[in-house]
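Taken in sequence, the protein lines are chains A and B.
Residue numbering for the first sequence follows my numbering, beginning at 1 and increasing consecutively.
Residue numbering for the second sequence follows my numbering, beginning at 116 and increasing consecutively.
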Amino acid sequence: DAGVIQSPRHEVTEMGQEVTLRCKPISGHDYLFWYRQTMMRGLELLIYFNNNVPIDDSGMPEDRFSAKMPNASFSTLKIQPSEPRDSAVYFCASTLRTTNTGELFFGEGSRLTVL
Amino acid sequence: TQLLEQSPQFLSIQEGENLTVYCNSSSVFSSLQWYRQEPGEGPVLLVTVVTGGEVKKLKRLTFQFGDARKDSSLHITAAQPGDTGLYLCAGAFDWTGNQFYFGTGTSLTVIP
């Protein structure tokens, strides 16, 4: 069974450009999370969805960040305009909430570098 | 301020040595998880603990949840190079909230 799939794996862009990161969760999972990982701040939750509906976006750093989940098999995280401080690894994770372990299944991440 | 503080931040040991990693908070959690992350990959769940004082073993790894459910430890016996990675603890306040807050991480290197 395929895991969480993220694209692109690596993105290098210039300040001011729009960046779109993509995620395909594990089929049947009803929760999807976007995290950002940096050396300084560790793994931070940006936003999560339940059944395609955004539940909590309080972790989104500012209005330059937006996330959508148009259907159960696809989500995007968009940064517009991008800034050098947005450089990080962005992870998507999904889970099936009917289990009480709450195991998060992570993708391999998208490494973003903003010059 | 981080909700979960892990110590040490970095650890480099020789193969065969024992080690303990700590995850501390002033908050009470309903459950706590430990993940391991290898370079270029996402974190992978190792264990979930839900009861204060609970101890779980996974081969050479022993996980303990503090009695007050505010802290946890991970002990590795006879470390192997394959144990190298970033160890992350993550706490949840309740099952309905569904938000896991991750610790700062401990980067472990086991030297052959």
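Ideal Cβ positions, reconstructed from N, Cα and C, are used throughout, including at glycine.
Proximal chain B residues relative to G107 (chain A), where beta-carbon distance stays under 7 Å: G157
Closer than 8 Å to chain A by CB, F217 (chain B): yes
Cutoff 8 Å: D56 (chain A) Cβ touching any chain B Cβ: yes
Cβ neighbours of A88 (chain A) in the same chain (closer than 7 Å, five flanking residues each side left out): R36, Q37, T38, L112
Chain B contact residues for F91 (chain A), given Cβ-Cβ distances below 9 Å: G157, P158
Chain A contact for S142 (chain B) (CB, 8 Å cutoff): no
Short CB-CB distance (under 8 Å) between T177 (chain B) and chain A: no
6 Å Cβ shell around G28 (chain A) - same chain, five flanking residues per side excluded: none
Where G28 (chain A) meets chain B, residues with beta-carbon distance less than 8 Å: Within chain B, no residue comes near G28 (chain A); the closest Cβ sits about 16 Å away, beyond 8 Å.
Cβ-based burial, G16 (chain A) [other Cβ within 10 Å; buried from 16]: exposed
Sequence-distant residues of its chain with Cβ nearer than 7 Å to I191 (chain B) (five each side left out): N133, L134, R175, L176, D198
R175 (chain B) - DSSP class collapsed to helix/strand/coil: coil
7 Å Cβ cut-off: residues of chain A touching L203 (chain B): L43
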